[in-house]
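Throughout the sequence shown, residue numbering follows our numbering, covering 17 to 166 in sequence. The beta-carbon is built from N, C-alpha and C at its ideal position, and this holds for glycine as well. To keep things clear, I will list the structure first and then write my remarks on it.
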Amino acid sequence: WRRHQSGLGLAARLYKPRPRERKAPPPGSGGEFRMYGSGASPEYNQASLDEDEMAATERELAEDAQWKRIQQNTFTRWANEHLKSVSKHIGNLETDLSDGLRLIALIEVLSGKKLPKHNKRPNFRSQKLENVSVALQFLERDENIRIVNI
């Protein structure tokens, strides 16, 4: 009993909760302190803090997802506006640009130039990657647009 008491007392004396920017939980909600054992020494309720941090992270992820969706929709509408002139359409950025054909068409419309030889009917992954590579190399070499982090 003595070891338990002295260890717990030392922990209670040494422990200082870190300052929080968030509003303190209402009294009696269990978010401020929790008593263990006989109630002689309070321990900070770490579970409540973890829940607050998880909730904040979930909110940030939801905001990021919403921002990403807005950016995708905006870019898709912009690209489709330019692709109208060549009778092409993008419905889903990830799938429709994956073979490189619509990307090449968009670059040709925007630059007013024809891109070098590419696979008109890519069936294999390697052919699709070649098309995307042709488009990106054209942007770097002929249009002097530096491609970073792709």
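Judged by their CB atoms, Leu145 and Ile163 are not nearer to each other than the 8 angstroms cut-off. Leu126 carries a helical assignment under DSSP once its states are collapsed to helix, strand and coil. For Val164, no alpha helix (DSSP H) encloses it, and the DSSP letter there is neither H nor E. Taking all protein chains shown into account, Leu119 has 16 or more neighbouring C-beta atoms within 10 Å of its C-beta and is therefore buried. With contacts defined as CB atoms closer than 8 angstroms, Leu109 and Thr92 qualify as a contacting pair. With at least 16 other beta carbons inside 10 angstroms of its own, Gly116 counts as buried. Excluding five sequence positions before and after Arg85, none of the CB atoms of its chain fall closer than 8 angstroms to its own CB. In the DSSP assignment, Arg137 falls outside any alpha helix (DSSP H) and carries neither an H nor an E.
Our two residues, Glu156 and Val150, have alpha carbons roughly 10 angstroms apart in a direct line.
Residue burial is scored here from C-beta neighbours: Ala72 has fewer than 16 other C-beta atoms within 10 angstroms and is therefore classed as exposed.
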